[in-house]
Amino acid sequence: MGNHHDSIALDWVRGEIQDTLTQGQHALEAYVENRDDTARLRFCLNYLHQVHGTLQMVELYGAALLTEEMEKLTQAVLNETVANTDEAVEVLMQAILQLPQYLEHLASSQDDFPMVLLPLLNDLRAARGESLLSDTSLFKPDLAPSRITVTGKVSQRLQDPTVLGHIRKLRQMYQFALAGVIREADLDAHFEYMQKVIQRLIRLCQKTPRGELWKAASAFVETLQAHVNPVNAAVKSLLRELDSEIRRLTDEHADILQQPVPEALLKHLLYYVARARDLDSPQVSALREAYQLNQALPSEDDVDAARTRVSGPGRDAIHSVVGALNEELAKLKDQLDLFVRSELRQNSELEDLLPGLRQVANTLAVLGLGIPRKVVTEQVELVENLSAQSEQVDDGTLMDIAGALLYVEASLAGLDSDGQQESSTEEASDAPVNLGSRELGEASGALLRESRNTLEQVKSAIVNFIASQWDTREIEHVPGLLHSIRGGLSLIPLDRVAGMLASAERYITDVLLGSKQVPDWKQLDILAYAVTSIEYYLERLAEGIGENDSILRVAEDSLASLGFPVGAEPTWTETAAEDVPVVEPAEEQPETTVTAAPEETKSSDSELLDDEILGIFVEEAEEVLETIHEFYPRLRQNHDDREALTEVRRAFHTLKGSGRLVGATSIGELAWSVENLLNRVIDQTIRPTDDMFTLVDEVNARIPSLIREFKEGQTAGDVETLISRAEAMATTRRTDDEAVETAAVAEVQDTAVDAQEETLETESPVEENDTAEAAPETSFDEDDLIDDEILEIFVEEAGEVLETIREYLPMLLRQHDDRSALSEVRRAFHTLKGSGRMVGALVVGELAWSVENMLNRVIDGSIFMNDDIASLLEDVTANLPALVEDFEKRRAPSVDTSNLEARANALANGEIPDASMMPVAESDGSEAMAENEYAAAEEEAGNTDEDAVDPVLLDIFESETETHLQTL
145 MGNHHDSIAL
155 DWVRGEIQDT
165 LTQGQHALEA
175 YVENRDDTAR
185 LRFCLNYLHQ
195 VHGTLQMVEL
205 YGAALLTEEM
215 EKLTQAVLNE
225 TVANTDEAVE
235 VLMQAILQLP
245 QYLEHLASSQ
255 DDFPMVLLPL
265 LNDLRAARGE
275 SLLSDTSLFK
285 PDLAPSRITV
295 TGKVSQRLQD
305 PTVLGHIRKL
315 RQMYQFALAG
325 VIREADLDAH
335 FEYMQKVIQR
345 LIRLCQKTPR
355 GELWKAASAF
365 VETLQAHVNP
375 VNAAVKSLLR
385 ELDSEIRRLT
395 DEHADILQQP
405 VPEALLKHLL
415 YYVARARDLD
425 SPQVSALREA
435 YQLNQALPSE
445 DDVDAARTRV
455 SGPGRDAIHS
465 VVGALNEELA
475 KLKDQLDLFV
485 RSELRQNSEL
495 EDLLPGLRQV
505 ANTLAVLGLG
515 IPRKVVTEQV
525 ELVENLSAQS
535 EQVDDGTLMD
545 IAGALLYVEA
555 SLAGLDSDGQ
565 QESSTEEASD
575 APVNLGSREL
585 GEASGALLRE
595 SRNTLEQVKS
605 AIVNFIASQW
615 DTREIEHVPG
625 LLHSIRGGLS
635 LIPLDRVAGM
645 LASAERYITD
655 VLLGSKQVPD
665 WKQLDILAYA
675 VTSIEYYLER
685 LAEGIGENDS
695 ILRVAEDSLA
705 SLGFPVGAEP
715 TWTETAAEDV
725 PVVEPAEEQP
735 ETTVTAAPEE
745 TKSSDSELLD
755 DEILGIFVEE
765 AEEVLETIHE
775 FYPRLRQNHD
785 DREALTEVRR
795 AFHTLKGSGR
805 LVGATSIGEL
815 AWSVENLLNR
825 VIDQTIRPTD
835 DMFTLVDEVN
845 ARIPSLIREF
855 KEGQTAGDVE
865 TLISRAEAMA
875 TTRRTDDEAV
885 ETAAVAEVQD
895 TAVDAQEETL
905 ETESPVEEND
915 TAEAAPETSF
925 DEDDLIDDEI
935 LEIFVEEAGE
945 VLETIREYLP
955 MLLRQHDDRS
965 ALSEVRRAFH
975 TLKGSGRMVG
985 ALVVGELAWS
995 VENMLNRVID
1005 GSIFMNDDIA
1015 SLLEDVTANL
1025 PALVEDFEKR
1035 RAPSVDTSNL
1045 EARANALANG
1055 EIPDASMMPV
1065 AESDGSEAMA
1075 ENEYAAAEEE
1085 AGNTDEDAVD
1095 PVLLDIFESE
1105 TETHLQTL
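Going by the working numbering, the first residue of the sequence shown is number 145, and it counts up by one from there.
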């Protein structure tokens, strides 16, 4: 495994390499100090070139590849062709620091694994805008067995029309199996069918380069059959490429057998075969030996262990650098403290801070700590301005500078403590610390994640405030929550968002808490909308999505309409709302109530809750309990059962809505507390625990008695303890380790819509039973939330989306396999869905979602692009402008979108797009019939002759294919 080298030769040159790298490091540091001194950068380039030549001389090709990329990046900085010079210099310094660690690894292991350096190589390439390498890019098997020289006679095999027809039928059989694999349905059977197709292609292409490709394909599928390699997106992509290779046998039949094998595809197939180290079948073993796969691919354990040792400078170096930085920061804080305490302040004295601040910024740049360096750089600019002004500097500004220094100090303390903690668990005291990834993940990602979690608590508190009929105790802690995340966001820096949170904090403090007025629904909707917009912005920012300015404008406009404009003095006054009723604790209630008062009984509320409604509620509640009893034991047994978790959460959601609707306060609020808890599990804010399941057990046991009590006229059962426990669990945050382990979750729901629905469902519970078509677009006159500016933003964005669709849809219609056009069209409908849902244009949003869902199935290969899908896309595109105009004019939709959505859903499910024949059961029957036909065809195919060209197989496939196409 790897490239073995002479350790004696390395020992001879390692000292020289280290000295040269040190000189290169000093030259690069000097360039960082003075960007105009390009001569220093040229010195660095020369030193790197010397190291590169030395490494080539001793045949350390992995290390030489690294220095080659370092040279190219340095030259690109000199040529001013890099997009971000700061980023380029940072990654270059990281590489200079890590190369000695890699050479130290080589001295002990004698294995030169280029894959160990893959993350750093990609950082260097990305800094100069080059495409990234994959581990397969560094996977170098011996491809000599595939380079077979053939004569023109072999092409005669594919000149017979019967043979070509036979290949087309083989491809149809392969495609049918491929569709099953993509859906991950009955994988073993579909892999078996694939193998039989591939074996026939091996015989047909024997003793040609294509024959070697199909041998590798057969071994690749064998690893999937043995469950050695996972069936993931990359594997499915390779299987699709094999489908294209079958098509090439017919499209290029004149000379395809003479063409060289596509080496990129062959390497990818062999890569997966090489990973199957524990699979020792004759076919896999033959390929492993012929292509020397064991030598080409080191084991993952070897690579991971080596990366751990060489991924950064040693801990001793980190500890030393952090210690020096902390000393410098302590001096700066002392200087600042003396200035604050001075009775006779001279602004010019602040200039004494500048040398130290610049030194800290430069050191942070060398370490690759981008965010703390940016914070310090901003303080340098601020101090320069303050020292030059004539007005006295206020204490608040000086405290901001001190806070920035504390932030940097805290970041370094966390870095150093991590290194110390890790060193106690590692045998090697000089094991490296990966600075860049930790700094980004902890300083930026964690802060955004924490801010979003806090905003989720804010939204829940507002909902509880509404549900409790304006009990201010529910929101007393909200200003503190908002204040707690403002400072961190301003340091990232997200000053604009911090200003919005300050306005929201002022509104809650002055209006909701400081005033005794009953808030109206319009104000609460606007507040919820502002908080939701901020949360949505942070979510998009965490996902790396740009162009979010319109979202922030909506939040700013919302806060301004509340009388608390961002960055300005409030315009709200208590006299402006003098007509609003005042909260009276004993007599008056708000004009719009959410639920019936707990003290009211069935006898006093008979006009609103008659026996028929009571019967419906009890019947529905019992059905919900049946659902819980069906799925909850599954969830109890398997915490990762997503289907069971979703069904249980939906059951409590239904119980919450119906309970609130009929005034069953205790049932509704208890169900909501459990639903909220399960929501946190679904979005992975918390993890399921034994305490959580114990609580749900108690809730399940309590609900039947609550239903009986409600039938007897008692609306307020004793459930406060259970609700409090659920709320406490829902607000419990995970540890940092758990948060880091959690992968980014695929898009399941729009945060903005969820939060808006949480508010709306308490405002008008009846809407929970309405369909998407009963959207607020039919009653715009009553919807004050959609103001003219928000409407204008939506219409403008919708126009841009439609232009994108008109640009790319014709390309997709002309060429159904144009993946680029397909992705752009899908992205356009995704954008339209999100913006439509956000502003309440649900007819547009839900229609766009149905189309996006269908195109997602096309992209992942579950269904194939066809004329029915193309026709639907044309129809939807033709109707969207009218629907957008309807929303803009605040009138009822002029187009009934139910048929279009039904067609999209049918096509997404692989069904015939006929709205009059939509029962799901038909699809099940169709699939069963297709499977029976498929099995019958294979049974006959298994009895056919094993010749390369099988005339019987042609008839078998014709019969099977006709039946299957009729089914489709």
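C-beta atoms are modelled at their ideal positions from N, C-alpha and C, and glycine is treated no differently.
- Per DSSP, His334 is one residue of the alpha helix (DSSP H) stretching across Leu331 to Leu348.
- Going by beta carbons, Tyr435 and Leu413 fall outside the 8 angstroms limit.
- Nearest C-alpha to Glu763 among Val607, Arg852, Leu494 and Gln242: Arg852.
- With a threshold of 16 other beta carbon atoms within 10 Å, Leu550 falls short and is exposed.
- For Arg958, the number of other beta carbons within 10 angstroms of its own is below 16, and it is reported as exposed.
- Judged by their CB atoms, Ile670 and Ser702 are nearer to each other than the 8 angstroms cut-off.
- Less than 8 angstroms separates the beta-carbon of Ile772 from that of Asn844.
- Between Leu217 and Ala183, the C-beta spacing is not below 8 angstroms.
- For Arg793, same chain residues with a beta-carbon under 7 angstroms away, outside a window of 5 residues either side, are Glu819, Leu822, Asn823 and Ile826 in chain order.
- Residue state for Asp841 is assigned as helix, using DSSP reduced to three classes.
- Distance between Thr198 and Val233, taken at the CA atoms: about 23 angstroms.
- Per DSSP, Tyr435 lies in no alpha helix (DSSP H) and is assigned neither H nor E.
- Separation of the CB atoms of Leu508 and Arg517 is rounded to 4 angstroms, and the pair is thereby assigned contact status at 8 angstroms.
- Going by beta carbons, Gln303 and His196 fall outside the 8 angstroms limit.
- Excluding residues up to 5 positions away in sequence, Pro623, Leu626 and His627 lie with their Cβ nearer than 7 angstroms to the Cβ of Glu649 in the same chain.
- Per DSSP, the continuous alpha helix (DSSP H) segment holding Pro305 begins and ends at Pro305 to Arg327.
- In summary, His621 is exposed, with fewer than 16 beta-carbon neighbours lying within 10 Å of its beta-carbon over all protein chains present.
- For Glu525, the uninterrupted alpha helix (DSSP H) run begins and ends at Gly514 to Ala532, by DSSP.
- In the displayed model, Ile830 falls within coil according to three-state DSSP, outside both helix and strand.
- Each of Lys800, Thr833, Pro832 and Gly658 was checked against the Cα of Leu850, and the nearest Cα belongs to Lys800.
- Measuring C-alpha to C-alpha distances from Glu679 to each of Leu314, Ala788, Val602 and Ser1038 identifies Val602 as the nearest.
- Per DSSP, the unbroken alpha helix (DSSP H) holding Gln219 starts and ends at Tyr205 to Leu222.
- Between the beta-carbon of Ser817 and that of Ala870 there is about 4 angstroms, and that keeps the pair under the 8 angstroms contact cut.
- Using a 10 angstroms sphere on the CB of Thr352, the tally of other CB atoms reaches 16 or more, which defines it as buried.
- For the pair Ala440 and Ile240, the Cα-to-Cα distance works out to about 27 angstroms.
- The C-beta separation of Glu996 from His974 comes to about 5 angstroms, placing the pair in contact by the 8 angstroms criterion.
- The shortest CA-to-CA distance from Glu215 to any of Val607, Met955, Gly812 and Leu185 is the one to Leu185.
- Contact between Leu287 and Glu385 is absent: CB atoms are separated by about 17 angstroms, not below the 8 angstroms threshold.
- Going by DSSP, Arg384 is part of the alpha helix (DSSP H) stretching over Ala377 to Asp395.
- Using a C-beta cut-off of 8 angstroms, the segment 220-228 makes no contact with the segment 205-212, since fewer than three inter-stretch Cβ pairs fall below that distance.
- Residues Phe609, Leu656 and Leu657 of the same chain have their beta carbon placed closer than 8 angstroms to that of Thr616, with the five preceding and five following residues left out of the count.
- Distance from the Cα of Ala808 is smallest, within the candidate group Pro832, Leu789, Glu856 and Glu774, for Glu856.
- Non-local beta-carbon contacts of Trp716 in its own chain, meaning distances under 8 angstroms to residues more than five positions away in sequence, involve Tyr651, Asp654, Val655, Leu706, Gly707 and Phe708 in chain order.
- Per DSSP, Gln200 is one residue of the alpha helix (DSSP H) stretching across Thr182 to Met201.
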